[in-house]
Each structure stands twice: as C-alpha cells, then as structure tokens.
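Trainee:
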Amino acid sequence: MKGSKNVISTDIVDVLPTVIVISMMAMAFLTFAYSKLFGSLTGLLHMSVPPTGDILLISVVVALAALPLAFLNVWSGTMLKAVTYLAWLLYLPSALYYSGIDVFRILSISANFSVFTTSLSYTIIAIAGILMACGSLTMRSFGRLRKAREYFLARGADQSETRRAFFHNALFVIKLILATGAATILFAFLAPTIGQKLRSTFITASSTYLLVVLGAILLLALVLVLFLWPRKNGEKG
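Counting with my numbering, you get residues 30 to 266 for the letters of the sequence shown.
1) Tell me the rounded alpha-carbon separation between L160 and T209.
2) V144 and S52 look like a contact to me (Cβ under 8 Å); what is the Cβ gap, rounded to whole Å?
3) On the DSSP bridge list, what partners appear for T147?
4) Taking C-alpha atoms, which residue in R134, Y180 and S148 lies nearest to S123?
5) Using 8 Å for Cβ pairs, my map puts A157 next to T60. What's the rounded Cβ distance?
6) For A12, name the three-state secondary structure that DSSP assigns.
7) If you reduce the DSSP assignment to three classes, tell me which class I206 lands in.
8) Measure the CB-CB distance between Y151 and Y127 and report whether it falls below 7 Å.
9) What is the rounded straight-line gap between the Cα of L45 and the Cα of G172?
10) Return the chain-ordered list of same chain residues with a C-beta closer than 8 Å to the C-beta of I203, the five sequence neighbours on each side being excluded.
11) Can you tell me whether L219 is buried or exposed? The criterion is at least 16 other CB atoms within 10 Å of its CB, across all chains shown.
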C-alpha cells in the first residue's frame, strides 16, 4: 500500500529487504571495526576504541533494535540502496587487505597499504563478503518481483493468484542464491588446494588466472539464470 506509511506490514516483499540491509550493515561494520583504518579514524576524532567484545555486542544490539523498522513502511527503496552502498564501503578495506591490491600505489597516493590491515581471519572476511553479495542479489531480485507484482495488480490481476505466483518465484530466487552462496564458499576454501595441485601437476604457470576465470564463469552463470531466465519465462507466459 503506497499511501499507508507507518502502517505495520507483514508482507515478505516489504519486510525481507530491510532485514537484509540491517544484517549487511551489521556485518560490514564488524569487519570495519576490526580494521586498522577504524582505529586510525577514531584516533583522529579523539575517540576511545571500545574492546573488540564490546564492538560485537554493540553491533548485535543495534541490529536487533533496528529490526522492528522492517515491519514499518518507513524505509524507502532509495534509503535501502544508500545503506547497502555504505555497507560495501565499510567492507571494502578488509577485502582489499586480503586481495593484496595496493590501491594507493595504483592511484599514486602517498599512503601506507597497511592501514587496511584487519585482525579478522580470511575465512571470516570471505564468508561475510559472500553473505553480503547474496543479500544484494536477493534485494535486487525482490525489487524486480515487487515491480512485477504491482504491475499485474494494476492491470486487474487476481490478488491471491498474484501473491501465490510471487511467493513461488521468491522461493526459487532464495533457493538459487543460497545454493550459489554455498557453492561459492566451498569454491573459496578449495581454491588454494586446487591451485597447489594444478601447479604441482601439468600447469607450470600461476593458476591464479585459471581460478579467476572459473569464478567469473560461476558468477556469469548465476547472473544469466537469475535475471534472464525469469524474463524468458515471462515472455513465454
């Protein structure tokens, strides 16, 4: 209902995106709070950095306190996108640290790459990034489903049939993204082992490029299935 702001909503298409954004923001803030950059910024602002245990507790409490907002139509789509971009910005330093990409040298900036150092392990950073990517894909997919639902309702489609079709497609999207996320996590942990095996057998050059290509193929397959398959079926229908 567009004209009913501040009205409690229990529709998954309204609730789930906000829950996803809050979860992404909590994960991103945790990765940022454990980075050296966070300590440097708090030092510049003359703020005392709380112990890491307190940071975790604060993040959980704030996320739980923000969850009720998911049931109120107070967050616009633009606001959700802005918070999503902010979450990725907070996550970026930790991702850059483990990628080894010295953006300062590339951009000819006189700064030390060690500012991106994080005390969190590669495993935690990788899982957080994959979960955030899955969350972003889910939000995009639900946005498309929501527009389709509003379009059919505006053309006089039956509300119960439209709702049933939406939940069927939403369930497919969630299953697909969860399966892809699980496969990506498995690939991330097996990649170093695969690289060593390939280098010790018939591949003498670095297998980094091969792993990148395999990952790109996996991502391309996800995009094709997730966005082109529903459109193709929609044209048939």
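Backbone N, C-alpha and C fix where the C-beta goes; we use that ideal spot for every residue, glycine too.
Mentor: From the atom records:
1) 11 Å
2) Contact doesn't hold; Cβ gap of about 27 Å is too wide.
3) S64
4) S148
5) 6 Å
6) A question about residue 12 goes unanswered here, because the residues of the chain that appear run from 30 up to 266.
7) helix
8) yes
9) 11 Å
10) T167
11) exposed
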